[in-house]
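Asker: What follows is a structure written as structure tokens; I'll ask about it next.
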Amino acid sequence: MAKYSKNISSAVRKLDGDVPNEFIEDVVSMGNIAVNMVNKAIDGFIQRSVDGFDEIQDMDDLIDESLTNNRESFIAHIKENPASADDCVFLLSIMRYIERVGDHACKIAEKVTYMVTGFHTVIA
């Protein structure tokens, strides 16, 4: 996850601001969801509890859906505003990195679930 965080910060530094605010808001929303997922998974590990892990699955679905929906919006925006292509590609990369962070949070939750319950489960 640290690698994705580094990649996100690198991409953010390259943004020129040539994209609609709603795209930025979607990226921020996805990031907040991913942070919440990681916090829930780590809290579960610390507390030796799987409480709230069902929410991690729902949050992962939200992130995946947002990435899919935004991909189409970005493509349409690039077609209408070719000058924004670089920023859109950077934002799409950021969204993909966030989606991967969410996937890692799911893996942590799966491992904590096994640690706590002794049963293998798939979250995501």
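Residue numbering for the sequence shown follows the working numbering, starting at 9 and increasing by one per position. Using N, Cα and C, we set each Cβ at its ideal position, and we do this for glycine too.
1. Put ALA117 into one of helix, strand or coil per three-state DSSP.
2. Taking the CB atoms as reference points, tell me whether LYS22 and PHE98 lie closer together than 8 Å.
3. Just to confirm the assignment, what range does the alpha helix (DSSP H) spanning GLY52 have?
4. Which stretch, first to last residue, makes up the alpha helix (DSSP H) that contains HIS85?
5. Counting along the chain, where does the alpha helix (DSSP H) carrying ALA19 start and finish?
6. Taking three-plus beta-carbon pairs below 8 Å as touching, is the stretch 59–75 in contact with the stretch 37–49?
7. Among the candidates ASN15, PHE31 and ASP24, whose CA atom is the shortest distance from the CA of THR76?
8. Out of VAL124, ARG104 and ILE131, which one is the CA nearest neighbour of GLY39?
9. Roughly how far, in whole angstroms, is the beta-carbon of ILE16 from the beta-carbon of ILE102, given that I think they are within contact range, below 8 Å?
Answerer: The answer reads as follows:
1. helix
2. Yes; because the gap between Cβ atoms is below 8 Å, this pair is in contact.
3. 29–55
4. 61–88
5. Where ALA19 is concerned, the enclosing alpha helix (DSSP H) stretches over 10–22.
6. Three or more Cβ pairs drawn from the stretch 59–75 and the stretch 37–49 lie within less than 8 Å of each other, which places the two stretches in contact.
7. Selected option, being the one with the closest Cα: PHE31.
8. ARG104
9. Contact annotation, ILE16 with ILE102: C-beta distance approximately 5 Å; criterion of less than 8 Å satisfied.
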